[in-house]
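Q: Okay, so the sequence shown: first residue is 41 according to the numbering used here, each after it adds one.
Supplied in C-alpha cells, the structure appears directly below.
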Amino acid sequence: MSLQNEPLKQADGYAETAYRADAIPEQSYAPQNEMLRGRVLEARLPWGNYLGINPTTYQYSDLWFKEYKYIGDDYNDYTMINESRWSKRVDENVNDLYRIGRFFFIIFSHLFSFTGGGGWVFTGIAIFVSVAGTIGQLFVDEPRFPFLLLGIPLTMGAICSVATIFRWLWEKHEIKFYKGNRNWSNDHAFCRRTGMVKTDIGSFPFYEFDPYIEMTVGTQGSQFHSFKLIHRYPHRSRLPHTKDPLEFSFALDGSIAQRYAVWDMLQRYMDVSQPLPDVPELEPFRHLDPTTKAYDEAGKRGRPATYWRDLYANSSEEELKALREAHRAEVDSTIWGGRPDLMELSVPNYRETRKGEPEDVNDFGRFPWKEGKFVDRPEATSSLGSTDQQPNDEHPR
C-alpha cells in the first residue's frame, strides 16, 4: 500500500473539543432564525466530503512571499493564518489621531499620484484651465500671463509629484509600518487546536455555524455573492446593541465556485484529522501542527518542505500569473455539487431546513444573473465520515 493511501493517524496535541468531521456530536434542532429574514441566502454549503481544493486567493497569494521575506521570524504572529488560529480581526496599536492622519495620507497619495492615481488627469485639467485662462486674458486690461500659463499646471504638477513620492514610500515601507502596528487578534478567530470560534461574546463550537452563499443587489442592479458563516443558534449568540446574527465573512474574488473552495479549505483547516491545507501562508508552520507534521514525515505531502517558498522565489510575475489563472480555471471546473451534507446526521431537522442546492454550481457561479435550477442534494448516511474524505492536497491545487 502506498503512503498516499494509508490512513492518517491523528497525533496528540489537541483539545478534547477539537473538530473532527467523523465525530460531530448530536445537536439540538435548528431554530428558524428571524434575524435572517429579508436576506437572500441562495445556497447552504454541505459539511464534509472534502475535495481538497483551495481558493485561488489563498493558493496563489500575490503578497505573502514579500511579507514573509521581510517579517522573518515574526511571521507566525504577523500573518492572518497560522497553525493554531485563522484570525478574523486586526488589532492595531495606534491612536485615533494617527488613524485619521494615515487615512488622509493614503487618500492624498493614491488619488493624486501619477502612478496608479489621477495625477495625469488632474494635471491635464490644470493645463486646460491654464490655456483657457490665458486665452481669456487677451480680453482684459491687465493680463497675468506668466501665472496662468505656468503657475496652475506647475502647481498641480508639483502636488501630484509629491503624491507620487508619498505613494512610492508607502508601497515600499507599508510592511515595515504594519510589522509594528498590525496585530491579528487571537481572540477573534477560528482555532484549530480547540475546535472553537472565539468572538467578543464568547467561544462557540465550529460545527454550530452554517455556511451560506449570500446574494446582494447593488444600486445599479448588479448582483454580488459572498460567503457567510452564520451561527445556527441565535438565542445563544445574541450580539449586544444590534439585531444582527453572529456571522463571519471571507473576502474572495472570482466566481461562486471560489466560495465553495474557501469553505472546503476552512473545514480542512479546522479538522484535526486532516493536515493543514497546503497553501503558501501555512507552509512555514506545517511542522508545528501535530497531524500535519506526521502527515509530512510519512511522505504523504509529496513535496519539499519549502515547496511554496522555492516556487515564489524562482518564478517571475508572469509565471505566477499563469499559475494563478490555471488554478482559477481548475476551481471553476470542479464539480462542487452532488455531495451529502454530514451535518444532517447531527442536527435532527437540518435537511428539512435546507436540502436544495444548485443543479450546476459552476453555471450558477458563472452566470449569477440567471435563476439557476435547484435540486435536492443526496442524503447523508451514517457510513460517511472523514475516512471517506479525499486525502488533503494530494496534488498541486
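We put the CB at the ideal spot given by N, CA and C, even for glycine.
#1: I think residue 382 touches residue 88, with their Cβ atoms under 8 Å apart; what is that distance to the nearest whole Å?
#2: Return the chain-ordered ranges of every alpha helix (DSSP H) run that is complete within the segment 348–374 and spans a minimum of 4 residues.
#3: Keeping to the same chain, check which residues put their C-beta closer than 7 Å to that of residue 155; ignore five residues upstream and five downstream.
#4: So, using beta-carbon positions, are residue 419 and residue 83 closer together than 8 Å?
#5: Only counting the same chain, and skipping five residues up and downstream in sequence, which positions put a Cβ closer than 8 Å to that of residue 390?
#6: If you follow the alpha helix (DSSP H) that residue 398 is part of, which residue opens it and which one closes it?
#7: For my contact list, residue 95 and residue 387 are in at a C-beta cut-off of 8 Å; report their separation, rounded to the angstrom.
#8: What would DSSP say about residue 320, mapped onto helix, strand or coil?
#9: Contact between the segment 269–276 and the segment 112–126 is defined here as three or more beta-carbon pairs at a separation below 8 Å; is this criterion met?
#10: By DSSP, does residue 234 sit in helix, in strand, or in coil?
#11: Along the chain, where does the beta strand (DSSP E) that runs through residue 263 open and close?
#12: On the three-state DSSP scale, how would you describe residue 259?
#13: When the Cα of residue 373 is compared with those of 65, 91, 63, which residue comes out closest?
#14: Answer yes or no: do residue 254 and residue 271 have a C-beta to C-beta separation smaller than 8 Å?
#15: Looking at C-beta atoms only, is the number of pairs between the segment 318–327 and the segment 116–129 that lie closer than 8 Å three or more?
#16: Answer yes if the segment 339–349 comes into contact with the segment 307–320, meaning at least three C-beta pairs across the two stretches below 8 Å, and no otherwise.
#17: Taking the alpha carbon of residue 329 as the point to measure from, which residue in 231, 80, 163, 131 has its own alpha carbon closest?
#18: Taking all protein chains shown into account, decide if residue 58 is buried (16 or more other Cβ within 10 angstroms of its Cβ) or exposed.
#19: Determine the DSSP secondary structure at residue 453, reduced to helix, strand or coil.
#20: Given that a residue counts as buried once 16 or more other Cβ atoms are within 10 Å of its Cβ, and exposed if not, what is residue 375?
#21: Take residue 234 and list the residues in its own chain whose beta-carbon comes closer than 7 Å to its own, dropping the five residues that flank it on each side.
#22: Within its chain, find whatever has a CB closer than 8 Å to the CB of residue 408; leave out the 5 residues flanking it on each side and keep chain order.
#23: Taking Cβ to Cβ, would you say residue 245 is nearer than 8 Å to residue 303?
#24: Indicate the three-state DSSP secondary structure (helix, strand or coil) for residue 443 in the structure shown.
#25: Just to confirm, are residue 249 and residue 267 a CB contact at a threshold of 8 Å?
#26: Express the C-alpha separation of residue 76 and residue 395 in angstroms, rounding to a whole number.
#27: Is the separation between the beta-carbon of residue 225 and that of residue 130 shorter than 8 Å?
#28: Look at the Cβ atom of residue 100, then the Cβ atom of residue 292, and state whether they are nearer than 8 Å.
#29: In its own chain, which residues sit with a C-beta less than 7 Å from the C-beta of residue 79, not counting the 5 before and 5 after it?
A: Reading from the atomic positions:
#1: Start at 1 with the first residue of the sequence shown, and residue 382 comes out as number 342. Start at 1 with the first residue of the sequence shown, and residue 88 comes out as number 48. Yes, residue 382 and residue 88 are in contact; Cβ-Cβ is about 3 Å, under 8 Å.
#2: 357–373
#3: The count along the sequence shown starts at 1 and reaches residue 155 at position 115. Shown here for residue 155: same chain residues with a beta carbon closer than 7 Å to its own, the five before and five after excluded, namely 204, 207 in chain order.
#4: As a position in the sequence shown, residue 419 is number 379, starting the count at 1. As a position in the sequence shown, residue 83 is number 43, starting the count at 1. No. Outside cutoff.
#5: For the purposes of this step, residue 390 is identified with residue 350 of the sequence shown, where counting begins at 1. Contacts found: 70, 381, 383, 384.
#6: Along the sequence shown, one-based indexing puts residue 398 at 358. Note, residue 398: premise wrong, no alpha helix (DSSP H); beta strand (DSSP E) at 396–398.
#7: Here residue 95 refers to the residue found at position 55 when the sequence shown is read from its first residue. Here residue 387 refers to the residue found at position 347 when the sequence shown is read from its first residue. At roughly 26 Å, the Cβ-Cβ gap does not stay under 8 Å, so residue 95 and residue 387 are not in contact.
#8: By 1-based counting over the sequence shown, the position of residue 320 is 280. Three-state result, residue 320: helix.
#9: no
#10: Locating residue 234 in the sequence shown gives position 194, counting from the first residue. Here residue 234 sits in coil by DSSP.
#11: Within the sequence shown, numbered from 1, the residue matching residue 263 stands at position 223. Run containing residue 263: 263–271, per the beta strand (DSSP E) assignment.
#12: By 1-based counting over the sequence shown, the position of residue 259 is 219. In this structure, residue 259 counts as coil in the three-state DSSP scheme.
#13: Taking the sequence shown and counting its residues from 1, the one referred to as residue 373 is at position 333. Of the candidates 65, 91, 63, the one whose C-alpha sits nearest the C-alpha of residue 373 is 91.
#14: By one-based count along the sequence shown, residue 254 stands at place 214. By one-based count along the sequence shown, residue 271 stands at place 231. No. Outside cutoff.
#15: Here the segment 318–327 makes contact with the segment 116–129; the two share three or more CB pairs at distances below 8 Å.
#16: yes
#17: Counting from one through the sequence shown, the residue named residue 329 turns up at place 289. Closest by alpha carbon: 231.
#18: Residue numbering aside, residue 58 sits at position 18 when the sequence shown is read from its first letter. With 16 or more other Cβ atoms within 10 Å, it is buried.
#19: The structure shown does not extend to residue 453, since the chain spans only 41 to 437, so no value can be given for it.
#20: Residue numbering aside, residue 375 sits at position 335 when the sequence shown is read from its first letter. Flag for residue 375 reads exposed.
#21: One-based indexing of the sequence shown puts residue 234 at position 194. 55, 57, 58.
#22: As a working note, residue 408 is residue 368 in the sequence shown. Confidence at residue 408 is low in this model, with a pLDDT of 49, below 50, so the placement of that residue should be treated as unreliable; the coordinate-derived value is given next. Around residue 408: 255, 263, 265, 296.
#23: As a first step, residue 245 is located in the sequence shown; it is residue number 205 there, counting from the start. As a first step, residue 303 is located in the sequence shown; it is residue number 263 there, counting from the start. Annotated as distal: residue 245 and residue 303, with beta-carbon spacing of 8 Å or more.
#24: Residue 443 falls outside the range modelled here, since the chain spans only 41 to 437, and no answer is possible.
#25: The residue you call residue 249 lines up with position 209 of the sequence shown. The residue you call residue 267 lines up with position 227 of the sequence shown. Result no, Cβ atoms of residue 249 and residue 267 do not sit closer than 8 Å.
#26: As a first step, residue 395 must be located in the sequence shown, where it is residue number 355. As a first step, residue 76 must be located in the sequence shown, where it is residue number 36. Straight-line Cα distance between these residues: approximately 17 Å.
#27: Stepping through the sequence shown from its first residue, residue 225 is reached at position 185. Stepping through the sequence shown from its first residue, residue 130 is reached at position 90. In this structure, residue 130 lies closer than 8 Å to residue 225 by Cβ.
#28: Numbered from its first residue, the sequence shown carries residue 100 at position 60. Numbered from its first residue, the sequence shown carries residue 292 at position 252. Result no, Cβ atoms of residue 100 and residue 292 do not sit closer than 8 Å.
#29: Along the sequence shown, read from residue 1 onward, the residue named residue 79 stands at position 39. Once the five neighbours on either side are set aside, the close Cβ partners of residue 79 are 254.
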